[in-house]
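Below is one structure, written out as structure tokens; comments come after it.
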Amino acid sequence: MQIGWIGTGIMGSRMAARLIEAGHELQVYNRTRAGARSLEERGARFISNARAIAEANDLVFTMLADPAAVESVALGPQGLLSGAHENLLWVDSSTVDPAFSRRMAGAASERGLRFLDAPVAGSKKPAEEGQLLFLVGGDADLIERVEPLFSIMGKKTIPAGPNGAGSSLKMVINLMLGLSMASFSEAFRLGQELGLSEELLLNTLPATPVVAPFVGLLKERLAKNDYSVNFPLKHMQKDLRLALASVTTIADELPLASGARDRFGRALENGLGDLDFSALFAFDNARPTSSDL
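Those letters in the sequence shown? Residues 342 to 634, per this note's numbering, in order.
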């Protein structure tokens, strides 16, 4: 199977590297060639545009920042769909809204392509270690076809339903992620205002059953004001925004989601977008970030 990969950022570069390490030959495209350099050094071949990637491969993964980036790569004049050929399978692992995934599935179908939306749960380290969860929307036979590759990059593949269901499940998971970070940050602020020490709060709260396990993994980094990026804050805010935009009929009934979106938005406006999403903790608690130290 000839494999193409489009998008070599924090996640894409690590996921693609897993495939190369497993012995697969990859052709890669990225908006900037410098972003694909590490994969070229591992043996990947850089291709100058998405159309050429589609023309030369049987299976193409995309792992891009947002719907606009995916649409540009897919539908642009040198885009993925312009290079479509019979039996080409496009797997989009970008985090986008479900309506967009369904629209891309339709556009692919019109050109004879097959499509899976397959976003992932997990950040930089799980991507490096092949411990991601693939949340997949699309036909079961296509999922079965790609499963050997999913299993190289992840520990579990979850068939979620038809096209768009994988993206829907990712919206739900990332809402819980954002709310968990926001609630911990707010609880810490309350504790400080009540006169409790930073050391007591950071050692006690993550050890309780009411705090999400990932917060415990962040404890030492938070204590050191280390917000080096695993999952950018700007992407967290984008995901919350997309989630709420996907359910406009009940958006008013999701006040926690709206509040978290707005709080991450304020942190973004204050220049924290390229830091880890845990930098919300710094924003809420007026703590320095690495760039301030």
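Beta carbons: idealized from backbone N, C-alpha and C, even for Gly. Note that this is a predicted model, so its numbers are computed, not measured.
Reduced DSSP secondary structure (H/G/I, E/B, other) of residue i
i	result
Ala608	helix
Pro467	helix
Met356	helix
Ala564	helix
Ile591	coil
Gly532	helix
Gly478	strand
Val369	strand
Pro547	helix
Phe456	strand
Asp625	helix
Asp617	strand
Pro489	helix
Val461	strand
Gly348	coil
Gly495	strand
Leu473	strand
Pro554	helix
Gly502	strand
Nonlocal neighbours in the same chain, by C-beta distance under 7 Å from residue i, ignoring five residues either side
i	result
Pro500	Val477, Ala481 and Ile484
Leu635	Past the boundaries of the shown model lies residue 635; the chain is included only from 342 to 634, so the question cannot be answered.
Given residue i as reference, the closest of the options once Cα atoms are compared
i	options	result
Thr373	Glu366, Glu381 and Leu367	Glu381
Phe525	Arg486, Ser354 and Ala620	Ala620
Glu539	Val551, Arg378, Asn626 and Thr589	Asn626
Ala448	Pro460, Leu416, Val432 and Phe475	Leu416
Glu527	Leu597, Phe387 and Gly424	Leu597
Leu510	Arg386, Ala459 and Gln368	Ala459
Lys497	Leu516, Ala468 and Val513	Ala468
Met517	Gly453, Met445 and Met577	Met577
Arg378	Glu396, Gly353, Asn398 and Phe402	Gly353
Gly463	Lys560, Glu412 and Asn515	Asn515
His426	Leu537, Val401 and Val513	Val401
Residues near residue i by beta carbon distance below 6 Å, same chain, minus five either side
i	result
Arg455	Leu430 and Leu483
His365	Ile344
Ala391	Ile347, Tyr370, Val414, Gly420 and Leu421
Pro418	none
Lys575	Leu609 and Gly614
Pro629	Asn566
Leu583	Asp438
Neighbourhood of residue i by C-beta distance below 8 Å, restricted to the same chain and skipping five residues each side
i	result
Ser325	Since the first residue shown for the chain is 342 and the last is 634, residue 325 is missing from the structure and cannot be characterised.
Gly635	Outside the shown range of the chain (342 to 634) lies residue 635, about which nothing can therefore be said.
Is the region 403-420 in contact with the region 433-443, if contact means three or more CB pairs nearer than 8 Å?
yes
Taking only runs of the beta strand (DSSP E) that begin and end inside the region 376-450, which ones reach a length of at least 3 residues, in chain order?
400-403 and 430-433
Say whether the region 487-500 touches the region 355-375, bearing in mind that this needs 3 or more beta-carbon pairs closer than 8 Å, one atom from each stretch.
yes
Touching or not, the region 505-512 and the region 439-448, by the rule of three or more beta carbon pairs under 8 Å?
yes
With a cut-off of 8 Å, do at least 3 Cβ pairs link the region 550-557 to the region 578-589?
no
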